[in-house]
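Just so you know, the sequences run in chain order A and B. Using the working numbering, the first residue of the first sequence is number 1006, and each one after it goes up by one. Using the working numbering, the first residue of the second sequence is number -10, and each one after it goes up by one. Ideal Cβ placement from N, Cα and C applies to all residues, glycine included.
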Amino acid sequence: AQSVAQPEDQVNVAEGNPLTVKCTYSVSGNPYLFWYVQYPNRGLQFLLKYITGDNLVKGSYGFEAEFNKSQTSFHLKKPSALVSDSALYFCAVRRPGGSQGNLIFGKGTKLSVKP
Amino acid sequence: DAMVIQNPRYQVTQFGKPVTLSCSQTLNHNVMYWYQQKSSQAPKLLFHYYDKDFNNEADTPDNFQSRRPNTSFCFLDIRSPGLGDAAMYLCATSIMGKNTEAFFGQGTRLTVV
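Here it is, written out as structure tokens:
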């Protein structure tokens, strides 16, 4: 069965420091992986995706993620965190044979960036 | 701008009183989804429409229904809301057969009193 794990409930980072939000996946076949961000009482905003190609994927707002097939990971990274990056981050995998919105989400990681 | 719009943003309904949540899109996407997100949990897919074809998730309660009268609109009907149905309801759209990502609306927060 497809699944996504986000091992950290919360990540705390000082502004200006690099940040990493972890995600591991379990899929059959080639994975379609996504990161979304959610601000309080708002919908989900797309950050980036991995479908195929380069393992390093660059996305919105300076975020990037590295697809690692051997470790089945898709960690989200940013070189220098901003206070405005504080939000809830979801990793997701597309269901096999499903459309791009047919997603299984991880439980989410709350990112807190302090000044 | 093209987008996914959910109305209302906040909905309060009485226990057992039917309620309808609305979603519209200007993206002309052929797939529309409804997700339920309870507090501090991951969004969970309830069902989706591929054009007019309705696809229900196996564990979606019968209390939840959906209608898609045309490409642009999709409705979520909760026939008899219970306290446990209080959640954020997210609508999303995508294009079948394309690798573009899904677009989400701002969500409707449902409170059951």
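Beta-bridge partners of residue i, as assigned by DSSP
i, result
"B:L34", "B:Y24"
"B:M77", "B:Q26 and B:R98"
"A:H1080", "A:E1071"
"A:Q1015", "A:K1115"
"A:R1099", "A:L1108"
"B:T60", "DSSP, once it has assigned bridges, lists no residue as partnering B:T60."
"B:T9", "B:D66"
"A:L1093", "A:Q1043 and A:K1115"
"A:A1010", "A:T1029"
Residues near residue i by beta carbon distance below 6 Å, same chain, minus five either side
i, result
"B:T9", "F64 and D66"
"A:V1042", "Q1050, L1052, A1092 and Y1094"
"B:D103", "In the structure displayed, chain B extends from -10 to 102; residue 103 of chain B sits before or after that span and is not available."
"A:S1008", "S1031"
"A:T1025", "H1080 and K1082"
Under the three-state DSSP convention, the category residue i falls into
i, result
"B:D66", "strand"
"B:D42", "strand"
"A:V1032", "coil"
"B:S55", "strand"
"A:S1085", "coil"
"A:G1055", "With the sequence shown as reference, residue 1055 of chain A is identified as Tyr, and Gly is not the correct amino acid for it. In this structure, A:Y1055 counts as strand in the three-state DSSP scheme."
"A:Y1066", "helix"
"B:L16", "coil"
Sequence-distant residues of its chain with Cβ nearer than 7 Å to residue i (five each side left out)
i, result
"B:M(-8)", "T15"
"B:P(-3)", "T97"
"B:Q3", "V102"
"B:T49", "L35 and F36"
Sequence-distant residues of its chain with Cβ nearer than 8 Å to residue i (five each side left out)
i, result
"A:Y1037", "K1054, Y1055, I1056, V1098, R1099 and Q1105"
"A:S1033", "Q1007 and P1101"
Heavy atom of the ligand SAH within 8 Å of residue i beta-carbon
i, result
"A:K1027", "The ligand SAH is not part of the structure shown, which contains no ligands of any sort."
Which residues, in chain order, does the stretch 24 to 37 of chain B contribute to contact with chain A at a C-beta distance below 9 Å? Those would be Y24, Q26, S29, Q30, A31, P32, K33, L34 and H37, in chain order.
Validate contact between the stretch 1015 to 1024 of chain A and the stretch 1079 to 1087 of chain A using beta carbons, cut 8 Å, 3 pairs: Three or more pairs of CB atoms, one per stretch, sit closer than 8 Å, so the stretch 1015 to 1024 of chain A contacts the stretch 1079 to 1087 of chain A.
Looking at C-beta atoms only, is the number of pairs between the stretch 1053 to 1066 of chain A and the stretch 16 to 33 of chain B that lie closer than 8 Å three or more? Judged by Cβ distances under 8 Å, the stretch 1053 to 1066 of chain A makes no contact with the stretch 16 to 33 of chain B, as fewer than three pairs qualify.
Below 8 Å, how does it come out for the stretch 1101 to 1120 of chain A and the stretch 66 to 80 of chain B: are there three or more Cβ pairs, yes or no? Touching, no, given that fewer than three Cβ pairs across the two stretches are closer than 8 Å.
Okay, do the stretch 77 to 94 of chain B and the stretch 1038 to 1054 of chain A touch, 3+ Cβ pairs below 8 Å being the bar? Three or more beta-carbon pairs drawn from the stretch 77 to 94 of chain B and the stretch 1038 to 1054 of chain A are found closer than 8 Å, and the two stretches are therefore classed as touching.
Residues of the stretch 1048 to 1065 of chain A whose Cβ lies closer than 8 Å to any Cβ of chain B, in chain order: G1048, L1049, Q1050, F1051, K1054 and I1056: these are the residues of the stretch 1048 to 1065 of chain A whose beta carbon lies less than 8 Å from some beta carbon of chain B, given in chain order.
Going along the stretch 79 to 95 of chain B in order, which residues come within less than 9 Å of chain A, judged by CB to CB distance? Taking 9 Å as the Cβ-Cβ cut-off against chain A, the residues of the stretch 79 to 95 of chain B that qualify are L79, C80, A81, T82, S83, I84, M85, G86, K87, N88, T89, E90, A91, F92, F93, G94 and Q95.
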